[in-house]
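In our numbering, the protein residues as written are 327 to 401. Inspection log for the structure reproduced underneath, given as structure tokens.
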């Protein structure tokens, strides 16, 4: 990670974001498209059917690009 990208206390962005920024940006665009599709469902059943896709996209992103150290505040 470049020196100007050093995480600050409370910063949960993983270094993987900067390692492959275009992939991260594409994942954000894809997730936004899935969320939009869910929001445009005509009824609650349609929304629920799409929600699993939204949740999966969020999980993928957080597993890849979010770092959380529960002990960081202690240091």
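Beta carbons are placed, not taken as given, at the ideal position from N, Cα and C, and that holds for glycine. It should be emphasised that the depicted structure is a prediction, and the values quoted were computed from it without experimental measurement.
* Inter-residue CB distance, residue 393 and residue 339 (contact presumed, cutoff 8 Å) -> 7 Å
* Asked: CA-CA distance, residue 327 and residue 358?
  -> Confidence in residue 327 is poor, its pLDDT being 44 and thus under 50, which makes the residue's placement unreliable; the coordinate value appears in the next sentence. Straight-line Cα distance between these residues: approximately 26 Å.
* To do: Output yes or no for whether 9 Å exceeds the beta carbon distance between residue 375 and residue 383.
  => no
* To do: Between the Cα of residue 360 and those of 391, 341, 389, 378, spot the shortest distance and give me the residue it belongs to.
  => 378
* Asked: Does DSSP put residue 330 in a helix, in a strand, or in coil?
  -> Caution applies to residue 330, whose pLDDT of 44 falls short of 50 and renders its modelled position unreliable; the model cannot decide the point.
* **Cβ separation of residue 342 and residue 390, assumed to be a contact under 8 Å, to the nearest whole Å** => With a beta-carbon spacing of about 6 Å, residue 342 and residue 390 fall inside the 8 Å limit used to define contacts.
* To do: Kindly list the residues whose CB is nearer than 6 Å to the CB of residue 409, restricted to its own chain and excluding five residues on each side of it in sequence; keep chain order.
  => A question about residue 409 goes unanswered here, because the residues of the chain that appear run from 327 up to 401.
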